[in-house]
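Quick note on our numbering: the sequence shown kicks off at 456 and runs consecutively. Glycine is no exception: its CB is placed at the ideal position from the N, C-alpha and C atoms. Since we're looking at a predicted model, the values are computed, not measured.
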Amino acid sequence: MVMLLERSQRLQYLTRFREWVMNPIQREDALREMQAALLVHLNDPRRGLQTRPGERTLLAHLVECGQLLHSFVPGDRALISQVVGTLAHGMQKDLTRFPGHTIRAGGGPADAPPEPTQHLASLTTLDELDQYTYDAAGCVGDFWTRLMCAHRAALRAWDVEAMATVGIRFGKGLQLTNVLRDLATDLRRGRCYIPTALLEPAGLRPADLLDPATLPKLRPVLTRLLRAALEHLDQGWLYTMAIPRREVRLRLACAWPILFAVKTLQRVSVSPSLLDPGVTLKMTRGEVYRIMALTTGVLGCGRLLTSYYGHLRKRVAC
């Protein structure tokens with residue numbers, strides 16, 4: 456599949472978009488200019504965009520999205536601008552940090568000889584991983600908390616700052632789950648989100664993870680990250696149980712992602728094929744529906760819900 460935009464162009468447009476979203480009212484013309492430029496790429500028959508209908512629709516309605524943002528009250532608009540700006544900044548960092556090549560089984564990009572150290576980039580420190588999970592999802596937990604506290608009377612008694620901090624942990628747990636689940640496919644995209652600070656003490660380099668046989672040696676590192684993800688999700692569960700029982704939809708919106716994440720971590724913890732990009736660790740539709748069915752009827756009973764969360768959590772092998 457041909458990419459809509461080259462890497463440098465994506466970075467350029469992300470920068471322009473972030474500048475706009477942080478100050479949307481004064482820069483409406485900038486969004487129109489950006490859309491006009493993007494439509495040139497959108498209508499280029501060489502780009503193969505018939506395979507990307509969602510991107511076509513979104514870019515074709517970019518100005519309408521901006522107008523929708525303008526329609527929110529100032530407080531909500533500021534929250535949306537902040538979270539979208541943070542998400543865009545995280546994407547900018549990913550484009551800068553990672554090479555953007557697809558890595559084949561031999562270690563090099565799909566159209567070149569194997570050169571794993573040149574084409575596979577990794578995070579370096581645990582702080583970088585923590586910042587990545589914040590940029591990708593932790594910031595959404597902060598946003599969600601502040602938005603709900605502003606609009607749901609049942610949450611008016613919450614300490615917004617304290618709960619926003621817990622909401623950040625919630626989001627980080629979900630994203631760290633994604634990192635572990637998608638490890639093999641991310642590696643083939645030239646991205647290693649496991650920091651070298653964890654790999655090197657285990658005698659590993661990022662390129663070593665391209666070999667599925669490396670998994671036993673990686674297990675101690677995975678155990679540490681699984682525990683970190685569970686600690687974040689535990690905070691997310693406390694957050695969920697702090698939502699009043701009468702706020703049914705809010706409770707479901709928080710409980711289900713956590714339960715799905717813990718189920719996914721259980722799969723990650725026991726999979727013998729975690730480093731095989733041909734094996735998917737995503738939950739089946741049946742598993743998703745089963746969890747939804749089991750929990751919807753007991754949503755008002757925090758004790759039963761927490762018992763079920765604990766049951767799933769204990770099955771994570773770490």
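- For residue 536 and residue 727, the gap between their C-alpha atoms comes out near 42 Å.
- By the Cβ neighbour-count rule, residue 703 is exposed, with fewer than 16 other Cβ atoms within 10 Å of its own.
- Going by DSSP, residue 692 is part of the alpha helix (DSSP H) stretching over 670-696.
- With distances taken between CA atoms, residue 656 lies nearest to 677 out of 486, 731, 677 and 752.
- Residue burial annotation: residue 495 is exposed, with fewer than 16 other C-beta atoms found within 10 angstroms of its C-beta.
- Beyond the five residues adjoining it in sequence on each side, residue 742 comes within less than 8 Å, by CB distance, of 718 in the same chain, given in chain order.
- From the listed residues 659, 693, 649 and 689, the smallest Cα separation to residue 679 is found for 649.
- Straight-line spacing of the CA atoms in residue 476 and residue 516 works out to 15 Å.
- The Cβ atoms of residue 532 and residue 524 lie closer than 8 Å to each other.
- In the assembly as shown, residue 627 is a buried residue. Its beta-carbon has 16 or more other beta-carbons within 10 Å.
- Closest in C-alpha terms to residue 760, from the list 720, 739, 700 and 733, comes 700.
- The alpha carbon of residue 645 has as its nearest neighbour, out of 754, 729 and 576, the alpha carbon of 576.
- About 6 Å separates the beta carbon of residue 469 from that of residue 546, a gap short enough to meet the 8 Å contact definition.
- Counting C-beta pairs closer than 8 Å gives three or more between the region 686-696 and the region 706-717, which meets the contact rule.
- The alpha carbon of residue 664 has as its nearest neighbour, out of 652, 642 and 725, the alpha carbon of 642.
- Between residue 670 and the set 729, 614, 616 and 723, the nearest pair of CA atoms involves 729.
- Residue pairing by DSSP puts residue 647 in a beta bridge opposite 577.
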